[in-house]
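*Asks:*
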Amino acid sequence: MSQAISRVRGMYDVLPDQTWQWQRAENIMRRLFQQYGYREIRFPIVEKTALFCSAIGEVTDIVEKEMYTFSDRKGESLSLRPEGTAPCVRALIQNNLMASGPQKLWYSGPMFRYERPQKGRNRQFQQVGVEYFGNPGPQADAEILILGQRLWKELGLDAQAHPVRLEINSLGTAESRGRYREALIGYLEGHKDLLDEDAKRRLYSNPLRILDSKNPLMQDLIAQAPLLRDFLDQESLRHHEQLKHLLDAAGVEYVENPRLVRGLDYYGKTVFEWISDDLGAQGTICGGGRYDTLVERQGGKPTPAVGFALGLDRLLLLIETLGLWQAEPLADIYLVSEAGVDAAEVFALAESLRTALPQQRVIQNLEGGSFKAQFRKADRSGAEFAVILGERELAEGVVSVKALKNRDLPQQQISRKELPRFLCENLKK
RNA sequence: GUGGGCGUAGUUCAGUCGGUAGAACACAGGAUUGUGACUCCUGAUGUCGUGGGUUCGAUCCCCAUCGUCCACCCCA
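Just so you know, this note's numbering puts the end of the first sequence at 460, numbered straight through with nothing missing.
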């Protein structure tokens with residue numbers, strides 16, 4: 032036999048024992064977004080490379096070294112999407128969605144980045160994004176954050192022992208950020224001997240990122256660096272204060288992190304991250320902020336926007352780590368039959384139950400085996416009831432019903448006609 | 001992209017100072033010839049990640065490669 036082909040590095044299969052978690056999370060989110068008036072948008076997995084270069088920024092790591100870029104047969108450069116905001120904005124502009132007023136959108140799908148895989152970081156990963164276009168005010172930021180908090184609660188992540196922490200900051204406008212940048216570079220140039228290699232490399236390309244460094248030797252330097260807050264324009268300050276007021280009133284807890292910056296160029300004013308301490312180095316499960324200039328820069332009409340993207344892989348990893356969710360049983364009713372009974376009789380019984388009780392999951396054992404083996408399978412299926420069709424039952428035109436979980440209910444024989452009503456009364460749903 | 005740890009049964013791992021392997025759980029059968037979850041008994045299963053080197057002989061030592069994990073980096 033030849034060597035089996037393995038999956039691509041950094042990508043993963045979601046197996047039947049895990050898909051229920053994905054589906055549960057997706058269902059909760061879909062319902063929640065609907066509840067807030069956000070509508071789903073779907074866009075391609077492949078876009079022109081230029082879209083990401085201009086939207087995300089040429090000098091970001093994502094564009095410089097993490098994109099899956101290739102030429103199609105006509106030589107056009109295409110890329111697998113590394114994030115969702117850029118294609119979402121492209122779709123918004125191309126389909127002129129703003130013509131019918133502000134847009135509240137969400138999307139979900141795979142993203143691709145050529146990074147070194149590690150826990151909570153894969154080359155294909157699932158991102159869910161929420162974007163609010165056309166509202167410049169802090170109330171839009173607030174709604175996004177309130178929605179986020181409710182989402183964690185509905186997912187079961189609001190436990191006090193393992194909270195998901197919200198950090199917020201304001202990056203101000205491009206002008207105030209520019210003035211701060213000058214001041215920061217000036218400060219860092221004055222302490223060049225204390226900068227590590229990464230910091231030196233980024234001193235002129237992306238100095239704000241230096242504030243994010245985890246290098247313990249640089250923490251003093253970072254702590255004493257000038258703060259962006261002191262360079263903010265009046266409008267950004269007021270926006271930020273109003274947002275905090277709305278969050279306080281809504282009971283959304285947050286910590287201000289004056290050194291929180293984002294790796295994508297398009298953000299301004301509000302930025303935020305939700306972080307867990309239970310995932311190791313890749314603790315950010317959700318990040319986002321305001322990007323008021325992106326739509327115009329991409330060729331659309333000036334349109335303010337705010338949104339976030341969450342990593343579904345990381346979220347599920349966290350939920351699994353904390354043991355928050357229990358798998359649902361596979362079945363409600365399990366049909367056990369004797370070898371001598373015609374399979375056609377069992378099929379007929381199973382189909383009649385599925386017709387009469389469409390909410391119940393009916394599994395018919397098709398693999399034969401002793402009663403012992405069949406009951407073991409019935410038990411493992413998590414079914415509430417085993418319905419038994421043996422030669423005796425067949426001869427008498429009845430079935431036996433055994434409750435697998437409720438031990439107070441004795442096994443009994445019931446006519447086939449009565450069976451659906453009996454099951455319906457004794458099953459919760 | 002950089003540094004380090006680890007790849008042995010379906011899973012988690014033990015082991016062989018170089019003589020081709022074990023446990024637990026899981027799975028299957030039985031104790032109980034029509035009854036699961038507890039208990040007991042029995043059983044099957046491994047190209048010891050892949051390729052090459054050293055050796056009479058490599059799962060073990062060496063090299064490469066792939067995968068995985070941790071940190072850096074980056075971000076969701």
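Backbone N, C-alpha and C define an ideal beta-carbon position, used for all residues, glycine too.
1. Do Met98 and Ser110 count as a contact pair if the criterion is CB distance below 8 Å?
2. Three or more C-beta pairs closer than 8 Å, one from the region 265 to 278 and one from the region 209 to 225: is that the case here?
3. Who are the near neighbours of Gly88 in its chain, counting only those whose CB is closer than 8 Å to its CB and skipping five residues on each side?
4. Grab me the residues of Val286's own chain with a C-beta within less than 6 Å of its C-beta, minus the 5 sequence neighbours each way, in chain order.
5. Grab the span of the beta strand (DSSP E) containing Gly209 for me, first residue to last.
6. Taking 8 Å as the cut-off, decide whether the C-beta atoms of Gly318 and Ala340 are in contact.
7. With Arg154 and Arg40 assumed to form a contact (beta carbons below 8 Å), what rounded beta-carbon distance in angstroms separates them?
8. Would you mind reading off the limits of the alpha helix (DSSP H) that contains Pro238?
9. Under a three-way DSSP split, which group does Trp51 fall into?
10. Hey, is the region 374 to 389 in contact with the region 341 to 356, meaning 3+ C-beta pairs nearer than 8 Å?
11. Under a Cβ-count criterion, where at least 16 other Cβ atoms within 10 Å of its own Cβ denotes burial, should Val45 be classed as buried or exposed?
12. Tell me Trp183's beta-bridge partners as DSSP assigns them.
13. Residue ranges of each beta strand (DSSP E) run of no fewer than 3 residues wholly in the region 339 to 405, ordered along the chain?
14. Could you pull out every residue in the same chain whose Cβ sits closer than 7 Å to the Cβ of Met42, ignoring the five residues on either side in sequence?
15. Return the CA-CA distance between Thr100 and Thr80, expressed in angstroms with no decimal places.
16. So if DSSP puts Glu272 in a beta bridge, which residue, or which two residues, is it bridged to?
17. Whole angstroms is fine: what's the gap from Ser33's alpha carbon to Ser201's?
18. Name the two residues that bound the continuous alpha helix (DSSP H) containing Lys231.
19. Would you decide whether Cys455 is buried or exposed? Buried here means 16 or more other CB atoms lie within 10 Å of its CB.
20. Hey, quick one: how far does the alpha helix (DSSP H) through Glu13 stretch, first residue to last?
21. Helix or strand or just coil, what does DSSP make of Lys436?
22. Would the beta-carbon of Arg328 fall within 8 Å of that of Pro289?
23. For a test of the three-state rule: what should DSSP assign to Ser131, helix, strand or coil?
24. Beta-carbon separation of Lys433 and Ala417 under 8 Å?
25. Determine which residues share a DSSP beta bridge with Tyr163 and list them.
26. DSSP beta-bridge partners for Leu188?
27. What does DSSP give as the partner residue(s) for Phe303 in the beta ladder?
28. The alpha helix (DSSP H) that contains Val120, what's its start and end?
29. On the DSSP bridge assignment, give the partners of Met142 in chain order.
30. Is it the case that the Cβ atoms of Phe74 and Pro113 are separated by a distance below 8 Å?
31. With contact counted as at least three CB pairs below 8 Å, one residue from each stretch, are the region 357 to 375 and the region 405 to 424 in contact?
32. Can you tell me whether DSSP reads Ala417 as helix, strand or coil?
33. Which of the three DSSP states is assigned to Phe453 in this structure?
34. Can you tell which of Thr315, Ala173, Tyr218 has the C-alpha that lies nearest to the C-alpha of Thr301?
35. Counting only the same chain and skipping the five closest in sequence on each side, list residues whose C-beta sits under 6 Å from that of Asp103.
36. Note down, in chain order, each residue of its chain lying with its Cβ closer than 7 Å to the Cβ of Arg345, except the 5 sequence neighbours on either side.
*Replies:* In this structure, then:
1. For this step, residue 110 is matched to residue 79 along the first sequence. For this step, residue 98 is matched to residue 67 along the first sequence. Yes.
2. Segments in contact, no.
3. In the first sequence, counting from the first residue as 1, residue 88 sits at position 57. Val94, Leu295, Asp296, Tyr297, listed in sequence order.
4. Within the first sequence, the letter at position 255 stands for residue 286. Correct list, in chain order: Glu198.
5. As a position in the first sequence, residue 209 is number 178, starting the count at 1. Taken as a continuous stretch (DSSP letters only), Gly209 belongs to no beta strand (DSSP E), being part of the alpha helix (DSSP H) at 205 to 220.
6. In the first sequence, counting from the first residue as 1, residue 318 sits at position 287. In the first sequence, counting from the first residue as 1, residue 340 sits at position 309. In this structure, Gly318 sits near Ala340, with a CB-CB distance shorter than 8 Å.
7. As a first step, residue 154 must be located in the first sequence, where it is residue number 123. As a first step, residue 40 must be located in the first sequence, where it is residue number 9. At roughly 7 Å, the Cβ-Cβ gap stays under 8 Å, so Arg154 and Arg40 are in contact.
8. Within the first sequence, the letter at position 207 stands for residue 238. Counting along the chain, Pro238 sits inside the alpha helix (DSSP H) bounded by residues 238 to 241.
9. Taking the first residue of the first sequence as 1, we reach residue 51 at position 20. Of the three classes helix, strand and coil, the one that applies to Trp51 here is helix, per DSSP.
10. Flag = no, the region 374 to 389 and the region 341 to 356 do not touch.
11. Counting from 1 along the first sequence, the entry for residue 45 is found at position 14. Flag for Val45 reads exposed.
12. On the first sequence, position 152 is the one that residue 183 refers to. Under DSSP, Trp183 takes part in no beta bridge, so it has no partner.
13. Runs found: 364 to 368, 393 to 395.
14. Residue mapping note: residue 42 aligns to position 11 of the first sequence, counting from 1. Taken in chain order, the residues that qualify are Asn153, Arg154, Gln155.
15. Here residue 100 corresponds to residue number 69 of the first sequence, with the count starting at 1. Here residue 80 corresponds to residue number 49 of the first sequence, with the count starting at 1. About 7 Å.
16. The sequence position of residue 272 within the first sequence is 241, counting from 1. Answer is none; Glu272 lacks a bridge partner.
17. One-based indexing of the first sequence puts residue 33 at position 2. One-based indexing of the first sequence puts residue 201 at position 170. Unreliable placement is indicated for Ser33, whose pLDDT of 43 sits below 50; the coordinate value is still reported in the next sentence. Computed Cα separation, rounded: 57 Å.
18. Locating residue 231 in the first sequence gives position 200, where the first residue counts as 1. Here the alpha helix (DSSP H) through Lys231 covers 228 to 233.
19. Here residue 455 refers to the residue found at position 424 when the first sequence is read from its first residue. By the 10 Å Cβ count, Cys455 comes out exposed.
20. For residue 13 there is no data in the structure shown, the boundaries of the chain being 32 and 460.
21. The residue you call residue 436 lines up with position 405 of the first sequence. Three-state DSSP puts Lys436 in coil, outside helix and strand.
22. As a working note, residue 328 is residue 297 in the first sequence. As a working note, residue 289 is residue 258 in the first sequence. Not in contact: Arg328 and Pro289 (Cβ atoms no closer than 8 Å).
23. On the first sequence, position 100 is the one that residue 131 refers to. Note: Ser131 maps to helix in three-state DSSP.
24. Residue 433 sits at position 402 when you count from the first residue of the first sequence. Residue 417 sits at position 386 when you count from the first residue of the first sequence. Against a cut-off of 8 Å, the Cβ pair of Ala417 and Lys433 comes out as a contact.
25. By 1-based counting over the first sequence, the position of residue 163 is 132. Answer is Lys135, Val337, bridged to Tyr163.
26. Locating residue 188 in the first sequence gives position 157, counting from the first residue. DSSP, once it has assigned bridges, lists no residue as partnering Leu188.
27. Within the first sequence, the letter at position 272 stands for residue 303. Per DSSP, the beta bridge partners of Phe303 are Ile199, Gly319.
28. The sequence position of residue 120 within the first sequence is 89, counting from 1. Element bounds for Val120: 116 to 125.
29. Position 111 of the first sequence holds residue 142. Listed as beta-bridge partners of Met142 by DSSP are Phe156.
30. Numbered from 1 along the first sequence, position 43 holds the residue referred to as residue 74. Numbered from 1 along the first sequence, position 82 holds the residue referred to as residue 113. Their beta carbons are not under 8 Å apart, which means Phe74 does not touch Pro113 by this criterion.
31. Output reads yes: the region 405 to 424 touches the region 357 to 375.
32. As a first step, residue 417 is located in the first sequence; it is residue number 386 there, counting from the start. The three-state reading of DSSP puts Ala417 in strand, counting E and B together.
33. Within the first sequence, the letter at position 422 stands for residue 453. Correct three-state label for Phe453: helix.
34. For the purposes of this step, residue 301 is taken as the residue at position 270 of the first sequence. Considering only alpha carbons, the answer is Ala173.
35. Reading the first sequence from its first residue, position 72 is the one you call residue 103. Cβ within range, chain order: Leu109.
36. Counted from its first residue, the first sequence places residue 345 at position 314. Short of 7 Å from the beta carbon of Arg345, and not among the five residues preceding or following it, lie these beta carbons of its own chain, in chain order: Gly151, Leu310, Gln313, Ile316.
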